[in-house]
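Q: So in numbering that gives the first Met the number 0, spot 120 of the sequence shown is number 119, and the numbers just go up one at a time.
Don't be surprised by glycine CBs; every beta carbon is placed ideally from N, CA and C.
Quick caveat: nothing in here was measured; it's all calculated off a predicted structure.
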Amino acid sequence: MTDVVENSGPVDTPPRQPKFISTIFKCYRENFVLFWRIMMPVIIFSFLFDLGSSFSASFFDPEELWHFDTARGVFVNEDPKSVGVDSGMIFGFHAFSISWLWLTMCPLILAIVKPRRGAKVTARSVWRRTGSEAGPILAASCLLYVVGIVALLGFLLLTVKVIPNIPDSPYASSLCLGLFLLVDVIIYFAVNWSLYNQSIIIENQQSTTASLRRSSELVRGVWGRTFGMYLLLAFGTMALTSTILGFTLLLFSLTVPEFASLREVLLSVKSLTFFFGGYARISFESAPNFWTVGIMALLNTLINAVVAPVWAILTTHLYMERTGDVLTRE
0 MTDVVENSGP VDTPPRQPKF ISTIFKCYRE NFVLFWRIMM PVIIFSFLFD LGSSFSASFF
60 DPEELWHFDT ARGVFVNEDP KSVGVDSGMI FGFHAFSISW LWLTMCPLIL AIVKPRRGAK
120 VTARSVWRRT GSEAGPILAA SCLLYVVGIV ALLGFLLLTV KVIPNIPDSP YASSLCLGLF
180 LLVDVIIYFA VNWSLYNQSI IIENQQSTTA SLRRSSELVR GVWGRTFGMY LLLAFGTMAL
240 TSTILGFTLL LFSLTVPEFA SLREVLLSVK SLTFFFGGYA RISFESAPNF WTVGIMALLN
300 TLINAVVAPV WAILTTHLYM ERTGDVLTRE
């Protein structure tokens, strides 16, 4: 298969690429138009899905509340149950999530790698190539999705049920330790398997287990550095999301009467915590205006679209570094 990049050599002594941040920005700038052409169908689908799921959830369960916050945009849920303004600190897994834009990872990776081999790249060609590897890609993605769900449930159980009850239960400390260990193990394997897309789409690994094993080989010896890069990107995503959504909610508080009570929190010192896991939220029994829901859903989708190529470039950079390649041409 001519599209396959043969690059599965040893990973014992990988070279380090200088100017890591500038390399990412250079690759993003050079492929900006192509990236967005590749992502556009998924961007439209993601926006319509988020919009439709919110209104359908509210329609089928009128008791659920509409929540607008600086961390997740707009969502419909029973929790929290109180109407009004709320603020606090949270570092949720949404900081690592780009929703449906994860489906664009392999096409984006091909758009990064194939031009270096002299191949002509179009949005259609990379989607066609990705479709030929749909089986192992979806299987590995589903496995990691299950791992993420288990980690999320463990995290929620730990923070909502266990830690608040530690003073009242003689067994809570042991359960707390067990859940911490469970989350640590899941994070360990999630980082180990984070290069599975590159293993499948670049090296043509046809087996899910083989792609995960290859990813583990590539991450071995640089796990801490890899996790640190992912964590740094997650914090950057959190800051970008909070800035854009916070500013949008501030504009709502000045123009839409229902949001006026949120203004005090957004203009207070608490807004500085938004860059480090803080949030401000306002909840309603019903959506105040259709256009406010649409704007928040659209912005959240566009933020995911901005971040998705960065994840693709970062993981591809790590892959190429470990296989002795370079990400960009001089």
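(1) Helix, strand or coil: how does DSSP classify Ile146 here?
(2) Return the CA-CA distance between Asp49 and Ser198, expressed in angstroms with no decimal places.
(3) Near Val264, which residues of its chain fall below 8 Å by C-beta distance, leaving aside the five closest residues on each side in sequence?
(4) From this set, Val120, Gln205 and Gly227, which residue's C-alpha is nearest Leu137's C-alpha?
(5) On the DSSP bridge list, what partners appear for Ser65?
(6) Locate the alpha helix (DSSP H) running through Gly87, then write down its first and last residues.
(7) So the alpha helix (DSSP H) Glu29 belongs to, where does it begin and stop?
(8) Look up Tyr278 in the DSSP assignment and give the residues it is bridged to.
(9) Is the beta carbon of Leu261 less than 7 Å from the beta carbon of Ser252?
(10) Just to check my reading of the structure: Leu211 and Ala118 have Cβ atoms closer than 8 Å, yes? What is that Cβ distance to the nearest angstrom?
(11) Does the distance from the C-beta atom of Asn303 to that of Leu100 stay below 7 Å?
(12) In whole angstroms, give me the CA-to-CA distance for Gly147 and Ile185.
(13) On the DSSP letters alone, give me the boundaries of the alpha helix (DSSP H) that Val308 sits inside.
(14) Tell me, to the nearest whole angstrom, how far the beta carbon of Ile89 is from that of Ala70; I am working on the premise that it is less than 8 Å.
(15) Can you look up Glu132 in the DSSP assignment and give me helix, strand or coil?
(16) Have a look at Ala150, Ser214, Leu231 and Ser285 and flag the residue whose alpha-carbon is nearest the alpha-carbon of Phe179.
(17) Could you check the C-alpha separation between Thr314 and Glu257 for me, to the nearest Å?
(18) Please state whether the Cβ-Cβ distance between Ile108 and Ile200 is less than 7 Å.
(19) Take Ala259 and list the residues in its own chain whose beta-carbon comes closer than 6 Å to its own, dropping the five residues that flank it on each side.
(20) So, for Lys113: in the same chain, excluding its five sequence neighbours on each side, which residues have a beta-carbon less than 6 Å away from its beta-carbon?
(21) If we ignore side chains and look at the alpha-carbon of each, how far apart do Val218 and Val190 end up?
(22) Nearest CA to the CA of Ala56: which residue from Arg213, Arg36, Ala286 and Ala233?
(23) In three-state terms, what does DSSP make of Thr1?
(24) Do Val145 and Glu284 count as a contact pair if the criterion is CB distance below 7 Å?
(25) For Leu232, which option in Leu298, Asp183, Asn299 and Ala307 has the closest C-alpha, if you only look at C-alpha atoms?
A: On the basis of the coordinates in this document:
(1) Note that residue 146 corresponds to Val in the displayed sequence, not to Ile. If DSSP states are grouped into helix, strand and coil, Val146 belongs with the helices.
(2) 31 Å
(3) Val84, Ser86, Ser270 and Ala279
(4) Gln205
(5) Reading off the sequence shown, one finds Trp at residue 65, where the question assumed Ser. According to DSSP, Trp65 bridges with Val75 and Phe283.
(6) Taken as a continuous stretch (DSSP letters only), Gly87 belongs to no alpha helix (DSSP H), being part of the beta strand (DSSP E) at Gly83 to Met88.
(7) Phe19 to Glu29
(8) Gly87
(9) yes
(10) Not confirmed; about 27 Å, so no contact.
(11) yes
(12) 8 Å
(13) Going by the sequence as given, residue 308 is Pro instead of Val. Run containing Pro308: Phe289 to Arg321, per the alpha helix (DSSP H) assignment.
(14) 7 Å
(15) coil
(16) Ala150
(17) 42 Å
(18) yes
(19) Ser252
(20) Val120
(21) 8 Å
(22) Ala286
(23) A caution first: Thr1 carries a pLDDT of 44, below 50, which makes its placement in the model too unreliable to give a value.
(24) no
(25) Ala307
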